[in-house]
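In our numbering, the protein residues as written are 187 to 358. Beta carbons are placed, not taken as given, at the ideal position from N, Cα and C, and that holds for glycine.
Below you can see the structure in the form of structure tokens.
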């Protein structure tokens with residue numbers, strides 16, 4: 187049986203927020219580690235909010251959504267560059283480290299190489315998009331960061347790491 191939730195005027199903002207989060211958890215997303223390095227320092231964070239904006243632009247443009255209080259967000263904005271590392275299905279532990287669920291120094295696991303912008307690329311990523319920040323928009327608690335893609339790395343093809351229903355998932 188399908189359940190349709192209609193927000194009633196008396197419902198609180200928190201109720202709408204929770205219903206929104208529950209509904210968004212139904213959407214499977216790729217798991218990415220967004221990294222940066224430069225004058226503001228090295229940083230990185232796990233994100234699922236990443237999307238192509240335009241392949242027709244020259245250069246192509248993508249976006250990532252980053253929490254405004256994240257140290258990585260501040261470094262990305264100040265460095266003016268970032269790399270989106272698309273993770274494979276066997277890289278959930280690395281995702282946890284960059285999501286703040288691990289105590290390890292974030293860049294200790296894995297092998298990293300600087301891309302053209304200086305942002306670190308994970309050697310075993312499925313793909314990596316090296317970007318220059320073109321625009322940042324603050325929308326409530328998150329910055330929408332638009333990046334002009336300067337270089338792309340394509341790794342060995344294998345299934346991506348996904349996140350759905352508040353847990354890691356694999357393509358069956």
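C-alpha distance - residue i paired with residue j, whole-angstrom precision
i           : j           : result
residue 348 : residue 215 : 5 Å
residue 280 : residue 296 : 8 Å
residue 210 : residue 203 : 10 Å
residue 254 : residue 276 : 29 Å
residue 200 : residue 300 : 42 Å
residue 342 : residue 313 : 9 Å
residue 218 : residue 234 : 6 Å
residue 330 : residue 358 : 31 Å
CB-CB length for residue i against residue j, believed under 8 Å
i           : j           : result
residue 272 : residue 311 : 6 Å
residue 305 : residue 198 : Not quite, the Cβ-Cβ distance comes to about 41 Å (not below 8 Å), so this is no contact.
Simplified DSSP state of residue i, which is helix, strand or coil
i           : result
residue 216 : strand
residue 244 : coil
residue 329 : strand
residue 209 : helix
Cβ neighbours of residue i in the same chain (closer than 7 Å, five flanking residues each side left out)
i           : result
residue 292 : 230, 283 and 284
residue 302 : 316, 336 and 337
residue 239 : 247, 248, 249 and 332
residue 324 : 254
6 Å Cβ shell around residue i - same chain, five flanking residues per side excluded
i           : result
residue 245 : 334 and 335
residue 258 : 229, 230 and 231
residue 344 : 274
Counted within 10 angstroms of its Cβ, other Cβ atoms place residue i as buried (16 or more) or exposed
i           : result
residue 307 : buried
residue 265 : buried
residue 208 : exposed
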